[in-house]
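What follows is a short report on a single structure.
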Amino acid sequence: MPIIINIDVMLARRKMQSQELAEKIGITQANLSILKTGKAKALKISTLEAICQALDCQPGDILEYTKS
């Protein structure tokens, strides 16, 4: 998949656990895991906004495009 989701990188930079992020943004750990592994077929803008707010980052810090 040419879109890479770098949630793990931002979690490590912020010294935050996945469980804490899931609680802050109001999704289950299972759904967060699907996002982190790149298996998600869609990402709501509101979820991306919540992730950016919780991790104090920009969408470009989370999403990366690579040519396949």
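For the sequence shown, numbering that gives the first Met the number 0 gives the first residue as 0, with consecutive numbering after it. A virtual CB, placed ideally from N, CA and C, is assigned to each residue, including glycine. Computed from a predicted model, the values in this text were never measured in an experiment.
Glu-63 is positioned such that its CB atom lies closer than 9 Å to that of Ile-4.
DSSP places Leu-62 in the uninterrupted beta strand (DSSP E) bounded by 62 to 64.
Within the same chain, Leu-20, Lys-23, Ile-24 come within 7 Å of Ala-53 by CB-CB distance, once the 5 residues on both sides are set aside.
For Ile-26, no alpha helix (DSSP H) segment is defined, and its DSSP state is neither H nor E. Counting along the chain, no alpha helix (DSSP H) covers Thr-36, and no H or E run does either.
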